[in-house]
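So that you can map any letter, position 64 of the sequence shown is 104 in my numbering, and since no number is skipped, the others follow by simple counting. Backbone N, C-alpha and C fix where the C-beta goes; we use that ideal spot for every residue, glycine too. One structure below.
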Amino acid sequence: MSEVLVASRAPGGTDLSVPPGASGARQFWRRLRAHRAALVAAGVVATLVLVALAAPLLTAIEGQDPTTYHPGLVDSARGGVPVGAFGGISGDHWLGVEPQTGRDLFARLVYGARVSLGVALAATAVQIAIGVVVGVAAALGSRWVDQLLSRFTDIIVAMPLMIMSLALLAIVPSSFPRPVLVALVIGLIAWGNIAKIVRAQTLTLKGLDYVSAARLSGWGTWRIARRELLPGLAAPVITYAAILIPSNISVEAALSFLGVGVKPPTPSWGQMLTAADVWYQAAPQYLLLPAGALFVTVLALTVLGDGVRTALDPRAASRLRVGTGRRREAKAAKETKGTGADKGPGRSAEPGASRASAGESERGGAS
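In structure tokens, the structure reads:
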């Protein structure tokens, strides 16, 4: 295992060797740098986060806000279609205006990034916290505690997320902050899978020598969990969290699209898609902008999650191997095979001579 961590090679052939005394963080960063797609995805995610955090500053530079109506910028005679080319794009409205209301699309898009990313991150944090606690408690508890928590986790996993979210969000009073409510509902319903992963990994770690040594030295159960088990759980938990974030973004967008998520006038990408379903011909940018933002965000987080998974476990090949790495490997294997066929041992350089020798042997045997 140590040899794998100290020296490994990326799927594309990049050398990932690190000094034997290098820290785990340095080894992780060295391996992650070899995955260019993951680095590009990380840059995209960082840009989106900066845009979301700087939304007030960006809208102030533009001179707009996400809630102000501009009825003079839409044509009421045509049902509220934006006036001007490309949905009303101008120096005052960088991405045009919203149909019927005239609200600035750029302002609503960047403020919608705050809601979508914030809800996804908060829901992921709730899922990870509950899943780690339940999984560790099930693995370290007695037999009946394990059975009880495992069966309860099975019930949570079997629950349909969208249906339960729709039911819970429909009965909660509208006075409750909607983004917080959506994050809590997603987090409280969808923690079952991470609990199963943590339980299985904890059961594996319990049998290792250093955990047994800590138990023999008199350490308590929760001290062993905190000092010995949680560091070993970091890699699978971080990997699964990277996968959960894009999934939670999609769930938030779906809930807002169904009308039970974030309520107007608070903008979110899913809510914008809900209002844009009848404007895809008259004002296509109103549909394409939030849909494109969702697509880019989910794709970048998915690629980044795969890169993090591979960097934390260098033995695992990337599921998203792109580029020329495979072609180079196939070409090298083909050349090696061809060279071995031409110069392999036991193969005669002159097939005709071999056939002649075989004929002479047969004649000698007949005589």
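Cβ-based burial, residue i [other Cβ within 10 Å; buried from 16]
{"i": "PRO271", "result": "exposed"}
{"i": "GLY386", "result": "Caution is warranted here: a pLDDT of 46 is assigned to GLY386, below 50, making its placement in the model unreliable, and no coordinate value can be reported."}
{"i": "GLY136", "result": "buried"}
{"i": "ARG218", "result": "buried"}
{"i": "PRO304", "result": "exposed"}
{"i": "ALA65", "result": "exposed"}
{"i": "LEU341", "result": "buried"}
{"i": "GLU138", "result": "buried"}
{"i": "THR376", "result": "exposed"}
{"i": "SER116", "result": "exposed"}
{"i": "ARG148", "result": "buried"}
{"i": "ILE264", "result": "buried"}
{"i": "LEU88", "result": "buried"}
{"i": "SER308", "result": "buried"}
{"i": "LEU248", "result": "exposed"}
{"i": "VAL114", "result": "buried"}
{"i": "ALA316", "result": "buried"}
{"i": "GLN187", "result": "exposed"}
{"i": "ARG185", "result": "For the record, residue 185 in the displayed sequence is Val; it is not Arg. By the 10 Å Cβ count, VAL185 comes out exposed."}
{"i": "SER252", "result": "exposed"}
{"i": "SER29", "result": "What is shown of the chain runs 41 to 407, which leaves residue 29 out entirely."}
{"i": "PRO213", "result": "exposed"}
{"i": "ALA210", "result": "exposed"}
{"i": "ARG70", "result": "buried"}
{"i": "VAL85", "result": "buried"}
Cβ distance (whole Å) where residue i is taken to contact residue j below 8 Å
{"i": "VAL222", "j": "VAL302", "result": "7 Å"}
{"i": "LEU201", "j": "VAL291", "result": "7 Å"}
{"i": "THR244", "j": "HIS75", "result": "That pair is no contact at about 26 Å."}
{"i": "LEU72", "j": "GLY347", "result": "6 Å"}
{"i": "ILE229", "j": "MET199", "result": "6 Å"}
Proximity of residue i and residue j at Cβ, strictly below 9 Å
{"i": "ALA157", "j": "ILE289", "result": "Residue 157 is actually Leu in this sequence, not Ala. For LEU157 and ILE289, yes; Cβs fall inside 9 Å."}
{"i": "VAL166", "j": "LEU224", "result": "yes"}
{"i": "VAL80", "j": "VAL343", "result": "yes"}
{"i": "ILE168", "j": "ALA281", "result": "yes"}
{"i": "LYS236", "j": "VAL197", "result": "yes"}
{"i": "LEU284", "j": "ALA163", "result": "yes"}
{"i": "LEU269", "j": "LYS246", "result": "yes"}
{"i": "VAL159", "j": "ILE226", "result": "yes"}
{"i": "PRO286", "j": "LEU313", "result": "no"}
{"i": "ALA153", "j": "ALA294", "result": "no"}
{"i": "LEU352", "j": "PHE68", "result": "yes"}
Reduced DSSP secondary structure (H/G/I, E/B, other) of residue i
{"i": "ASP115", "result": "strand"}
{"i": "GLY384", "result": "Caution applies to GLY384, whose pLDDT of 49 falls short of 50 and renders its modelled position unreliable; the value that the coordinates give is listed next. Three-state DSSP puts GLY384 in coil, outside helix and strand."}
{"i": "PRO122", "result": "strand"}
{"i": "VAL137", "result": "strand"}
{"i": "ASP346", "result": "helix"}
{"i": "ASP144", "result": "strand"}
{"i": "GLY152", "result": "helix"}
{"i": "SER130", "result": "coil"}
{"i": "TYR320", "result": "coil"}
{"i": "VAL302", "result": "coil"}
{"i": "PRO276", "result": "helix"}
{"i": "THR314", "result": "helix"}
{"i": "PRO307", "result": "coil"}
{"i": "TRP259", "result": "coil"}
{"i": "PRO271", "result": "helix"}
{"i": "GLU400", "result": "Since pLDDT at GLU400 reaches only 47, below the 50 mark, its modelled position is unreliable, and the value read off the structure follows with that caveat. It is helical."}
{"i": "SER182", "result": "coil"}
{"i": "PHE297", "result": "helix"}
{"i": "LEU206", "result": "helix"}
{"i": "VAL91", "result": "helix"}
{"i": "TRP69", "result": "helix"}
{"i": "VAL212", "result": "coil"}
{"i": "THR108", "result": "coil"}
Sufficient close CB pairs (3 or more, under 8 Å) joining the segment 172-184 to the segment 239-250 | yes
Tell me, please, whether the segment 118-129 touches the segment 322-331 by the rule of three or more beta-carbon pairs shorter than 8 Å.
-> yes
Within the chosen definition, does the segment 275-284 reach the segment 188-207 through at least 3 CB pairs nearer than 8 Å?
-> no
Contact between the segment 136-143 and the segment 103-119 (3+ Cβ pairs under 8 Å) | yes
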